[in-house]
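> Using this note's numbering, the letters of the sequence shown correspond one by one to residues 24 to 301. Handing you this structure, nothing more for now.
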Amino acid sequence: MNSQFESVAELPKEAKQPFYDLMLVLADSKHLLGLRYGEWLGAPAIEASISAVSMAQDEFGHARLFYGIITEFVKHGSKAREEIAKQYRNIETLDREFESWMDFIAANLLVDLALTIQIEAFQDSSYLPMRRMIGKISQEEEFHLQHAHGWLLRLAQESEKSRLGLEKSIKKIWIPVLHWLGNPESRSEKILLEMGLQKLDSEALRNRFVEVIGPLAEEAGLDLPISGDAVTGEWLLATELSWKGWDEAFRRLSKTGPDAATFAQIDCFHTHSYPVGS
Numbered sequence: 024m025n026s027q028f029e030s031v032a033e034l035p036k037e038a039k040q041p042f043y044d045l046m047l048v049l050a051d052s053k054h055l056l057g058l059r060y061g062e063w064l065g066a067p068a069i070e071a072s073i074s075a076v077s078m079a080q081d082e083f084g085h086a087r088l089f090y091g092i093i094t095e096f097v098k099h100g101s102k103a104r105e106e107i108a109k110q111y112r113n114i115e116t117l118d119r120e121f122e123s124w125m126d127f128i129a130a131n132l133l134v135d136l137a138l139t140i141q142i143e144a145f146q147d148s149s150y151l152p153m154r155r156m157i158g159k160i161s162q163e164e165e166f167h168l169q170h171a172h173g174w175l176l177r178l179a180q181e182s183e184k185s186r187l188g189l190e191k192s193i194k195k196i197w198i199p200v201l202h203w204l205g206n207p208e209s210r211s212e213k214i215l216l217e218m219g220l221q222k223l224d225s226e227a228l229r230n231r232f233v234e235v236i237g238p239l240a241e242e243a244g245l246d247l248p249i250s251g252d253a254v255t256g257e258w259l260l261a262t263e264l265s266w267k268g269w270d271e272a273f274r275r276l277s278k279t280g281p282d283a284a285t286f287a288q289i290d291c292f293h294t295h296s297y298p299v300g301s
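Set out below in structure tokens:
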């Protein structure tokens, strides 16, 4: 039976670095997702613009929670990361601004969902402060998924050109998002599971991801690399992942970090004080 931990100081030594790395990955990804959402104040419709700002506020709030945990790690001896682009650990699909509203919706669906699935794997975490964070985040993320679902159908049904454009935006980020959910051979993942800090392994996270995406893609008539089993109703991933060059601390293949324009915005608030809703 796993012990329970109320503070960073109580974590076993071997678990501190893997857990710290994961908190940075989540904090930076939430931070950048909030930034990307906030850039779409002029979305295609007034209600979409309002939703984009609301979701940005949520993501900045979630990032603040994870940065709070990171601050505790640093107080207890972990090395603070250098504030330069290549040390930023966001999911690589957020390195540069979205080129279109379809890119926005693709990220709203895939990136936001992947982050939520990872966070919900802490539902019964042995790190008790994490458990207390989950409820608020999950509640807010329900709206994010509803927003993605609504726009997925709207764009897919608008025209064939719109549907194909949406498919292209989704497929463009498909593999990086699947990679982000983790490598089953990762030593860090094994430690987190052994210590009860995380309750689901990366394969279970990917399966959960496909279970959610499958019915939505089918409803929208999208051709994605997943398939449904007619007998069991189970959704299966039809994408083979290569882990060559994958970095388990950054959860990505490329370690270039956000582009110059993006990092210039990040650089405005090294203290991670957020302009939306602050």
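Just so it is clear, CB atoms sit at the ideal spot from N, CA and C, and this is done for glycine as well. Computed from a predicted structure; not experimentally measured.
Which residue from Trp258, Ser225 and Ser250 puts its Cα closest to that of Glu143?
For Glu143, the nearest C-alpha among the options comes from Ser225.
> Measuring CA to CA, which of Leu45, Asp44 and Asn131 is closest to Met78?
Nearest option by C-alpha distance: Asn131.
> Give the secondary structure of Ile249 by DSSP, where H, G and I count as helix, E and B as strand, and everything else as coil.
Ile249 falls in the strand class under three-state DSSP.
> Should Ile145 go down as buried or exposed, given a rule of 16 or more other Cβ atoms within 10 Å for buried?
Just to set this straight, residue 145 is Phe in the shown sequence, not Ile. So Phe145 counts as buried.
> With a threshold of 6 Å on Cβ separation, who are the neighbours of Met46 within its own chain once the five nearest residues in sequence on each side are excluded?
Excluding residues within five positions, the ones whose Cβ falls inside 6 Å are Phe89, Ile92 and Ile93.
> Reducing DSSP to helix, strand and coil, say where Gly300 ends up.
Here the model assigns Gly300 a pLDDT of 37, short of 50, so the residue's position is not dependable, and the following value carries that caveat. Looking at Gly300 - three-state DSSP - the assignment turns out to be coil, as it is neither helix nor strand.
> Can you tell me where the alpha helix (DSSP H) with Leu47 in it begins and where it stops?
Segment Lys36 to Gly61, the alpha helix (DSSP H) holding Leu47.
> Under the DSSP definition of a beta bridge, which residues are partnered with Arg275?
Beta-bridge pairing links Arg275 to Asp270.
> Leaving aside the five residues before and after Val76 along the sequence, list all residues of the same chain whose C-beta is less than 8 Å from its C-beta, in chain order.
Closer than 8 Å at the Cβ level, and outside the excluded window around Val76, lie Tyr60, Gly61, Leu64 and Val299.
> Just tell me which of Leu259, Leu175, Asp81 and Leu187 has its CA closest to the CA of Leu58.
The candidate whose alpha carbon is nearest that of Leu58 is Asp81.
> Any idea what DSSP makes of His259, helix, strand or coil?
Correcting the residue type first, residue 259 is Leu in the shown sequence and not His. DSSP places Leu259 in strand when its eight states are reduced to three.
> Report the partner residues of Glu111 according to the DSSP bridge assignment.
Here residue 111 turns out to be Tyr, not Glu, going by the sequence shown. Paired residues: none, contrary to the question.
> Using a Cβ-Cβ cut-off of 6 Å (strictly less than) and excluding sequence neighbours within five positions of Asp118, which residues of its own chain qualify?
Pro281 and Asp282, listed in sequence order.
> Where Lys98 and Ala243 are concerned, what is the direct C-alpha to C-alpha distance, given to the nearest angstrom?
Taking the straight line joining both Cα atoms gives about 48 Å.
> Taking one C-beta from the segment 29-38 and one from the segment 155-173 each time, how about it: are there three or more such pairs within less than 8 Å?
With a cut-off of 8 Å, the segment 155-173 and the segment 29-38 do not count as touching, because too few Cβ pairs lie within range.
> Given this structure, state the Cα-to-Cα distance separating Gly205 from Ser250, to the nearest angstrom.
Near 21 Å, if we compare the C-alpha coordinates of Ser250 and Gly205.
> Please classify Glu115 as buried or exposed, where buried requires at least 16 other C-beta atoms within 10 Å of its C-beta.
Label assigned to Glu115: buried.
> Determine, using beta carbons only, whether Leu178 and Ser185 come nearer to each other than 8 Å.
Yes; because the gap between Cβ atoms is below 8 Å, this pair is in contact.
> Taking the C-alpha atoms as reference points, what is the distance between Leu220 and Leu151?
In a straight line, the C-alpha of Leu220 is about 9 Å away from that of Leu151.
> Name the one or two DSSP bridge partners that Phe28 has.
Note: Phe28 sits in a beta bridge opposite Tyr150.
> Across the segment 228-244 and the segment 40-55, are there enough close Cβ pairs to call them in contact, namely three or more that are closer than 8 Å?
Not touching, per the Cβ criterion.
> Do you know whose CA, among Ile236, Asp135, Phe121 and Glu37, lies nearest Glu163's CA?
The option with the nearest alpha carbon to Glu163 is Asp135.
> Output needed for Gly237: all residues of its chain with C-beta closer than 7 Å, excluding positions within five of it in sequence on either side, in chain order.
Answer for Gly237: Ile249, Gly251 and Trp258, listed in chain order.
> To the nearest angstrom, how far is the alpha carbon of Ala103 from that of Ser161?
Their Cα atoms are separated by approximately 28 Å.
> Name the residue from Ala38, Glu208 and His170 whose alpha carbon lies nearest to the alpha carbon of Glu70.
Closest by alpha carbon: His170.
> Does any CB atom of chain B fall closer than 8 Å to the CB of Arg119?
No chain B appears in this structure, which consists of one protein chain only.
> Nearest to Phe121 by CA position, among Ala86, Lys195 and Ser182, is which residue?
If we check each option's Cα against that of Phe121, Lys195 comes out closest.
> One question on the structure: do Arg274 and Val48 come within less than 8 Å of each other, judged by their Cβ atoms?
Yes, these two residues count as a Cβ contact at 8 Å.
> Is the separation between the beta-carbon of Ser192 and that of Ala129 shorter than 8 Å?
Contact: yes.
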